[in-house]
Amino acid sequence: MAEITKSYEPQDVEKKWYAAWQEAKCFAGTPKPGQETYSIVIPPPNVTGILHMGHVLNNTLQDVLIRRARLEGKAACWIPGTDHAGIATQTMVEKHLKKTEGKTRHDLGRDEFLKRVWSWRDEKGDKILQQLRELGCSCDWDRTAFTMDPAYSRSVLTAFVHLYQKGLIYRGKRMVNWCPASLTALSDEEVEMRPTKGHIYRLRYELVTPSTTIDEEGNTIPLTHLILETTRPETIAADVAVAVHPDDPRFENIVGASVWRPLGERIQIPIITDTAVEMGFGGGALKVTPAHDRVDFEIGQRHNLPVIDCLNPDGTMNEFAGPELAGMERFAARKKAADVLEASGALIEAKPYENNVGFSQRAGVPIEPRLTQQWWLKYPRVEEAKQVVRDGLVQMHPERWTKVYLNWLDNIQDWCISRQLWWGHRIPVWYAKGIDRETLSPADLADPTKIHVSLDGPSDPENWTQEDDVLDTWASSWLWPFGTLGWPDADAQLAADFKAFYPTTTLATGADIIFFWVARMIMAGLEFANPGAPVEERIPFKHVYFNGIVRDKQGRKMSKTLGNSPDPLDLIKAYGADGLRFGLLQMAPLGQDVKFDEGRIEGGKNFCNKLWNACRFRQMNGEMNDNTSLTTILGRIDPALLDDDDHAILAALRDTMAVLEKSFTDFEFATATQKLYSFFWNDFCDWYVEVSKSKVQDPVTKQHCLAIQDLVIREFLLLFEPFAPYITEELWHLLGYATPDPVRGAFLQDNLIETVETFNAVLATRGFVLDAAASGRVEQLKAFTTLARQLKADQTVAQKRDVTFQLITTDADWTFIDSSAAKLTRLIGAAAIERTTAEPALPAAVTPFGTLYLDTGVKVDPEVERARLTKELGTITKHIAGTESRLSNVAFTSKAPPAVLEGAQKQLADLQTKRSELERLLAALS
RNA sequence: GGACGCCUAGCUCAGUUGGUUAGAGCACAUCCUUCACACGGAUGGGGUCACAGGUUCGAGUCCUGUGGCGUCCACCA
Numbered sequence: 037m038a039e040i041t042k043s044y045e046p047q048d049v050e051k052k053w054y055a056a057w058q059e060a061k062c063f064a065g066t067p068k069p070g071q072e073t074y075s076i077v078i079p080p081p082n083v084t085g086i087l088h089m090g091h092v093l094n095n096t097l098q099d100v101l102i103r104r105a106r107l108e109g110k111a112a113c114w115i116p117g118t119d120h121a122g123i124a125t126q127t128m129v130e131k132h133l134k135k136t137e138g139k140t141r142h143d144l145g146r147d148e149f150l151k152r153v154w155s156w157r158d159e160k161g162d163k164i165l166q167q168l169r170e171l172g173c174s175c176d177w178d179r180t181a182f183t184m185d186p187a188y189s190r191s192v193l194t195a196f197v198h199l200y201q202k203g204l205i206y207r208g209k210r211m212v213n214w215c216p217a218s219l220t221a222l223s224d225e226e227v228e229m230r231p232t233k234g235h236i237y238r239l240r241y242e243l244v245t246p247s248t249t250i251d252e253e254g255n256t257i258p259l260t261h262l263i264l265e266t267t268r269p270e271t272i273a274a275d276v277a278v279a280v281h282p283d284d285p286r287f288e289n290i291v292g293a294s295v296w297r298p299l300g301e302r303i304q305i306p307i308i309t310d311t312a313v314e315m316g317f318g319g320g321a322l323k324v325t326p327a328h329d330r331v332d333f334e335i336g337q338r339h340n341l342p343v344i345d346c347l348n349p350d351g352t353m354n355e356f357a358g359p360e361l362a363g364m365e366r367f368a369a370r371k372k373a374a375d376v377l378e379a380s381g382a383l384i385e386a387k388p389y390e391n392n393v394g395f396s397q398r399a400g401v402p403i404e405p406r407l408t409q410q411w412w413l414k415y416p417r418v419e420e421a422k423q424v425v426r427d428g429l430v431q432m433h434p435e436r437w438t439k440v441y442l443n444w445l446d447n448i449q450d451w452c453i454s455r456q457l458w459w460g461h462r463i464p465v466w467y468a469k470g471i472d473r474e475t476l477s478p479a480d481l482a483d484p485t486k487i488h489v490s491l492d493g494p495s496d497p498e499n500w501t502q503e504d505d506v507l508d509t510w511a512s513s514w515l516w517p518f519g520t521l522g523w524p525d526a527d528a529q530l531a532a533d534f535k536a537f538y539p540t541t542t543l544a545t546g547a548d549i550i551f552f553w554v555a556r557m558i559m560a561g562l563e564f565a566n567p568g569a570p571v572e573e574r575i576p577f578k579h580v581y582f583n584g585i586v587r588d589k590q591g592r593k594m595s596k597t598l599g600n601s602p603d604p605l606d607l608i609k610a611y612g613a614d615g616l617r618f619g620l621l622q623m624a625p626l627g628q629d630v631k632f633d634e635g636r637i638e639g640g641k642n643f644c645n646k647l648w649n650a651c652r653f654r655q656m657n658g659e660m661n662d663n664t665s666l667t668t669i670l671g672r673i674d675p676a677l678l679d680d681d682d683h684a685i686l687a688a689l690r691d692t693m694a695v696l697e698k699s700f701t702d703f704e705f706a707t708a709t710q711k712l713y714s715f716f717w718n719d720f721c722d723w724y725v726e727v728s729k730s731k732v733q734d735p736v737t738k739q740h741c742l743a744i745q746d747l748v749i750r751e752f753l754l755l756f757e758p759f760a761p762y763i764t765e766e767l768w769h770l771l772g773y774a775t776p777d778p779v780r781g782a783f784l785q786d787n788l789i790e791t792v793e794t795f796n797a798v799l800a801t802r803g804f805v806l807d808a809a810a811s812g813r814v815e816q817l818k819a820f821t822t823l824a825r826q827l828k829a830d831q832t833v834a835q836k837r838d839v840t841f842q843l844i845t846t847d848a849d850w851t852f853i854d855s856s857a858a859k860l861t862r863l864i865g866a867a868a869i870e871r872t873t874a875e876p877a878l879p880a881a882v883t884p885f886g887t888l889y890l891d892t893g894v895k896v897d898p899e900v901e902r903a904r905l906t907k908e909l910g911t912i913t914k915h916i917a918g919t920e921s922r923l924s925n926v927a928f929t930s931k932a933p934p935a936v937l938e939g940a941q942k943q944l945a946d947l948q949t950k951r952s953e954l955e956r957l958l959a960a961l962s
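If you're matching positions, the first sequence starts at 37 in my numbering and goes up one per residue.
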């Protein structure tokens, strides 16, 4: 067996094992009949994306879940893949094209441009999947999917045709969120409202015929103009009316009259009434610009007003904006419009103003409401989607997200699924040649001689033209949990083990895409997967785990522009993949955002090193025996020979197993990592390994102690493996836990983890009766040790080892301490612990086993000693007072549960004993 | 306007159904390279648990309110 080096060097270990795992196809999801399954589909990253901290967190969580499932003996399958990411990828390639060749996509034409995108994808795509391998992700790579794969594309189009035939998809001219940068419509979810500083312009709209109104006192006064306010003066040329509230007394006389439009073509526009107008805002009048505002559009519909569009798709002004503004960019035009209005006297004032403006989430520019023909989807299964979550068939973790989810579904709006892009799934709709797409009526849309909708297109393609638009990317990824498992092709589903792996077990994702993706997947699953089957077979997943967002130390979202995001690959180089994984999970409590702290990652690395060295110590202490199974290790342990330390460490191990089990059920990964840390570092290294140092000196106890170590390390490696797969695998082999069997047992993951239940059962059949009191005695010894060390530290002889301790104690306690002398003297750093009945004039501490004196061979300074003891006495006295007052309170003694009462009484007794001993020590000093 | 989350040591966070003297890691101070580990060991300092009320024998924990930070949904031009 190879010798374990002085420190853990992750680099070579990681390379070696990942290659070995892949070679052996360890990650293949291959269900055996009757075997329980556990499946996860990856939230597909953008095909051209690169790994950032959010991915690291999200994918580490998935890997932890899937590896734990493997150890639990389940057929585990983690399906990886990427998303074509329509807008993002197309924009990227367009930019590249512009930069390198000075061309636009239109210069190339659709077919040629798409060729370029594909070659870009082939060249630069899937890099992120490579990076996930470095992180240790155990995806079943043979199943890698891509949303633009032929098979997956077919599932997307199948879904479209199905929904169309069901009457849920329709085409309509409606107000959409238009992105002037990407030149496409967006869904409401892709629009982000941002408070934006600008100006609000107070304007006069002159009445064609002066009239009268009433002032606040009810007096009739002349009225020559209306006052209204707008943030968008550049759209005035597209005003078609001015609206006031029907109940507004100020405007009674002028309803139906006209005002002069102050910009663009100076025509008369009518004054209308509409309840959408807020009387208290501005001058109480609203300019109505149906082409450029949702509310205005609705007012226009109600009043049969014309629609004038004064913007080009790219956000520049067109000829309808008037000669002053035509051709200008929209924000420049806004300034210019203000100038023109000021010059004509229509502008009263421009006030600084902040309002919410919709921005394109991806392109980062303000969107324009724009009236266009688009394809819309009425969501299927909305009620059922709510019900499965309410019924807990789909459980969200943390649960509070269900409320957000249900609220969204309660207010759900039809989904604009068409995008004016080229990179994506082209909508499988064909128009008969010669028809005007803009003016198709609902009846036309239902006429198969005018519109053809199918997977493969019309049989006489020469007579048809295909729809130019592609589908929203999310209209493909919403099929991910079953599209990746062969749906809708029966043979493909069989080959992909659809039956075993659908519904998937857990979806791990960020709450930021709860609407974009999670909700839509639930509806899609219910509609398409296992049609006709009971609802629990149609849901796409049973659990949704929402991981937090990784933020920087100031709490800001990590972003490229801020440059506050460390490169995960650099972190892997510096701390190892295991250190990164473990450190990150330690700071990621359920559902809380993660403030990134590199120190924690370093802590993860240090922990790995600690584990490494504990194993090194084990190896140095003696020949390895047969470690190839729990049974062989237990065979080396005689239950009758277990001492307190053995009992205590086994109890702590069992407790750790239990905590881990619960943590996985509750998705509490931070709890799990913290428990692993404290068990191994504190319970095992700081105590068990330290006491082992004396036991291995004794041939009688040596083999026994090493066997316990082998047992604990084995179980710990199994518990730790999901979090740190590389180092555990390496140590598994170095310490001989692996079996030579090349099929079963070659890797750590081939083994089964013990549950508390099975572990207990195994121990019981071997005659282990764990002594529950042992842990308590060990805790007392720990306290004794700490007090002794404190004495040494106080006397600044912390490192001296030739000191002697003297103990005044009872016969029973002395027997116990004396029997533990070998390990205690080593732990404390003392030549000996002797029993005494005298009152040595030495520094003393009151321990659970009597009063302990430190003899350094130097005479004690009574004043220093007095100060030390007095301080201790003060603390004790304070606590005694607190406890006494509680116990003297009848309300407490009569109402508190017996256990609490007993605890308080015992505490008081202990404190009093300690106090009187301290008082005695103080008295002895003088 | 509506909903949700957070506020505990200098920093990042634990703290389960209310119950002894509120914990960890990092940072800090003192000491130590003694034969697993300086990526380490020992000891120590450091907290009116955001604030104000309330319920209770007892509140970091439950209730009400206030303040601050953050997120989502809706949105008055």
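Note that CB positions come from ideal geometry on N, CA and C, so glycine has one too.
Could you pull out every residue in the same chain whose Cβ sits closer than 6 Å to the Cβ of residue i, ignoring the five residues on either side in sequence?
i, result
"residue 123", "218 and 398"
"residue 721", "650"
"residue 773", "663 and 750"
Check the DSSP bridge columns for residue i and list the partner residues they point to.
i, result
"residue 261", "242"
"residue 542", "579"
"residue 80", "Bridge partners of residue 80: none, in fact."
Measure from the alpha carbon of residue i to the alpha carbon of each residue in the options, then state which is nearest.
i, options, result
"residue 751", "703, 696, 184 and 246", "696"
"residue 692", "903, 640, 743 and 790", "790"
"residue 79", "510, 264 and 266", "510"
"residue 726", "787, 853 and 865", "865"
"residue 893", "455, 103, 879 and 903", "879"
"residue 366", "267, 89 and 87", "267"
"residue 559", "430, 768 and 799", "430"
"residue 744", "569, 589, 777 and 799", "799"
Might you give, ordered along the chain, the residues of its own chain that have their beta carbon closer than 7 Å to the beta carbon of residue i, omitting 5 neighbours on each side?
i, result
"residue 529", "521, 522 and 523"
"residue 289", "247, 248 and 249"
"residue 448", "415 and 418"
For the beta strand (DSSP E) holding residue i, just list the boundary residues, first then last.
i, result
"residue 294", "294-296"
"residue 737", "Run containing residue 737: none in the beta strand (DSSP E); it sits in the alpha helix (DSSP H), 735-756."
"residue 208", "205-215"
Taking residue i as part of the alpha helix (DSSP H), name the residues at either end of that continuous run.
i, result
"residue 201", "186-201"
"residue 173", "Careful: residue 173 lies outside any alpha helix (DSSP H) and carries neither H nor E."
"residue 912", "898-924"
"residue 387", "First-last for residue 387: 383-396, but that is the beta strand (DSSP E), not the alpha helix (DSSP H)."
"residue 943", "934-961"
"residue 62", "Neither: residue 62 is in no alpha helix (DSSP H) and is coded neither H nor E."
So does residue i have its beta carbon nearer than 7 Å to some heavy atom of the ligand ADP?
i, result
"residue 623", "No copy of the ligand ADP appears in this structure; indeed no ligand is present at all."
Between residue i and the rest of its own chain, which residues show a CB-CB distance below 8 Å, the 5 nearest in sequence each way excluded?
i, result
"residue 770", "37, 38, 40, 651 and 655"
"residue 403", "213, 214, 215, 216, 222, 227, 394, 395 and 396"
"residue 90", "546, 585, 586 and 594"
"residue 171", "87, 92, 95, 96, 99, 604, 608, 613, 616 and 617"
The region 458-473 / the region 488-504 touching (three or more Cβ pairs under 8 Å): Counting Cβ pairs under 8 Å, three or more are found: they touch.
contact_flag[the region 346-364, the region 211-231] where n(CB pairs < 8 Å) is 3 or more: Contact holds between the region 346-364 and the region 211-231, because three or more Cβ pairs, one in each stretch, are under 8 Å apart.
The region 533-553 touching the region 512-521, judged by at least three CB pairs closer than 8 Å: The region 533-553 is in contact with the region 512-521.
At least three beta-carbon pairs within less than 8 Å, the region 103-111 to the region 132-145: Pairwise C-beta distances place the region 103-111 out of contact with the region 132-145, as fewer than three of them are shorter than 8 Å.
The region 829-843 in contact with the region 705-713 per 3-pair CB rule at 8 Å: With fewer than three CB-CB distances shorter than 8 Å, the region 829-843 does not count as touching the region 705-713.
The region 621-634 in contact with the region 730-740 per 3-pair CB rule at 8 Å: By the Cβ criterion, the region 621-634 is not in contact with the region 730-740, since fewer than three pairs of Cβ atoms, one from each stretch, lie closer than 8 Å.
Stretch-stretch touch, CB-based, cutoff 8 Å, three pairs: the region 936-943 with the region 917-925: Taking 8 Å as the limit for Cβ pairs, the verdict is that the region 917-925 does touch the region 936-943.
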